[in-house]
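If you read the sequence shown in the working numbering, its first letter stands for residue 8, the second for the next number, and so on. Structure first, then comments.
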Amino acid sequence: MRIRAILLAAPALCACLLLPAAAQAQLFRAYLSPSGSDANPCTLPQPCRLLPAALAAVADGGEIWLLGSANYNTATVSVTKSVTVLAVPGALGSVVATGGPAISIAAVGAKVALRNLVIVPLAGGGGTSGIVMSAGHTLVVEQSLLANLPVNGIEVTTAANVRIVDTTVREALSNAVSLSGGARATVTRAVLSGSGANGIALSGTVAGTTTTATVADSTLDGNNVGAFAHSTNATAALRLAVRDSRVEGNSFGLYALATQGATTTLVASGNIVTNSAFHGIAADGAGARVWATANTVSYNTTGITNLNGALFETTKSNAVRINAVDKSGLIGVVATE
């Protein structure tokens with residue numbers, strides 16, 4: 008009888024013994040260190056070494072702190088929960104793109120914040136983009152540097168809320184920031200520089216979606232297009248606003264293009280748009296609309312341009328001067344109250 012009682016009690020005893028390990032695996036805050044080990048529990052006294060170990064240890068909605076300057080991954084970091092990843096002040100927390108994007112986020116409802124990170128490709132490692140979100144609720148990128156990515160710096164293809172603050176994305180082969188699929192973004196005090204395609208690109212490819220972005224107090228320089236909204240689907244609307252920003256030395260400055268008649272709107276206010284090889288601010292195609300106010304547009308081949316049946320409206324507050332051609336196409340001047 009005693010043996011039977013012991014046997015019946017054994018499962019409960021095992022469960023009790025497992026509770027500390029389970030609790031430990033769900034830390035609110037996990038720690039990584041250049042001297043850590045992934046065999047550790049990712050606590051401050053015993054930090055782990057790489058991001059996958061910390062992601063396994065941290066609870067949904069928790070934090071991962073990078074304690075020292077080092078690289079913290081060897082392959083794409085797959086994020087499947089809500090989490091904040093940050094390098095502590097003074098540390099350079101590096102995540103490399105190798106064999107794909109550096110960070111991939113594909114979790115419905117996930118709220119992900121990335122702070123004080125350096126994201127670059129591993130030379131010869133087959134890296135693609137820096138940060139890719141294909142499913143999720145919120146992406147926040149703050150005080151980070153993304154450089155020399157073979158595809159995009161930051162790419163969001165889902166109806167997520169995106170905030171990019173105090174961040175530099177430079178020398179991406181395609182776009183510094185790429186948004187589609189109903190993404191809603193604000194970009195504040197950012198530098199989007201030297202991209203092979205666009206500083207920020209809004210793409211209307213998914214039927215029935217509205218993708219939006221507001222860029223403020225930022226620098227868009229040395230790109231093919233500084234800020235580009237292009238819809239190729241008749242029911243994929245785009246709304247792009249750029250204000251109080253420096254748009255300098257791009258092939259095209261600010262450009263709204265509709266090729267299937269979809270509503271593609273660009274609002275430009277208070278910007279300095281200079282040294283564009285072609286158009287400073289342009290509306291192109293039926294469905295494209297530009298509203299421009301209080302901009303300084305100078306030293307461009309063409310200052311402001313309306314092409315192919317678009318709508319371009321402006322106020323007298325714009326200073327469009329010292330361009331090879333100041334205005335091209337039908338530009339409507341609207342009186343404001």
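Glycine included, each C-beta is placed from N, C-alpha and C at the ideal position.
Nearest to D291 by alpha carbon, out of H237, S305, V254?
Comparing Cα positions, the closest option is H237.
If we count the other Cβ atoms within 10 Å of its Cβ and call it buried at 16 or more, is S324 buried or exposed?
S324 comes out exposed.
Which of helix, strand or coil DSSP assigns to A64
A64: helix per DSSP, three-state reduction.
Return the chain-ordered list of same chain residues with a C-beta closer than 6 Å to the C-beta of G339, the five sequence neighbours on each side being excluded.
For G339, where only same-chain residues beyond five positions count, the Cβ hits under 6 Å are E320.
Over what stretch of residues does the beta strand (DSSP E) that includes P128 continue unbroken?
In the DSSP assignment, P128 falls within the beta strand (DSSP E) that extends over 124 to 128.
Based on the DSSP secondary-structure assignment, which residues constitute the bridge partners of C55?
Beta bridge pairing from DSSP links C55 with L39.
If distances are taken between C-alpha atoms only, which option among T303, R296, G203, T270 comes closest to R250?
Among T303, R296, G203, T270, the Cα nearest to that of R250 is on T303.
What whole-angstrom Cβ distance do L261 and L245 have, given they're in contact under 8 Å?
Actually they are not in contact, since the Cβ atoms of L261 and L245 sit about 13 Å apart, beyond 8 Å.
Classify S42: buried if its beta carbon has 16 or more other beta carbons within 10 angstroms, exposed otherwise.
Exposed, since its Cβ has fewer than 16 Cβ neighbours within 10 Å.
With H, G and I counted as helix, E and B as strand and the rest as coil, what does DSSP make of S187?
Strand at S187.
Do the CB positions of A117 and G143 come within less than 9 Å of each other?
Annotated as proximal: A117 and G143, with beta-carbon spacing under 9 Å.
If we count the other Cβ atoms within 10 Å of its Cβ and call it buried at 16 or more, is I311 buried or exposed?
Answer is buried; the Cβ neighbour count reaches 16.
S252 and G277 closer than 9 Å at C-beta
Yes, the pair counts as a contact, with Cβ atoms nearer than the cut-off.
CA-CA distance, T175 and L73?
Cα-Cα distance, rounded: 20 Å.
Using 10 angstroms around the beta-carbon of D228, count the other beta-carbons present and answer buried if the total reaches 16, otherwise exposed.
Counting the other Cβ atoms within 10 Å of the Cβ of D228 gives 16 or more, which makes it buried.
Inter-residue Cα distance where the pair is A220 and C55:
Answer to the nearest angstrom: the Cα atoms are 37 Å apart.
Less than 9 Å separating the beta-carbons of G211 and A269?
Going by C-beta atoms, G211 is nearer than 9 Å to A269.
Would V147 and A120 be called neighbours here (beta carbons separated by less than 9 Å)?
In this structure, A120 lies closer than 9 Å to V147 by Cβ.
For a quick check, are the C-beta atoms of T216 and S187 less than 9 Å apart?
Cβ atoms of T216 and S187: closer than 9 Å.
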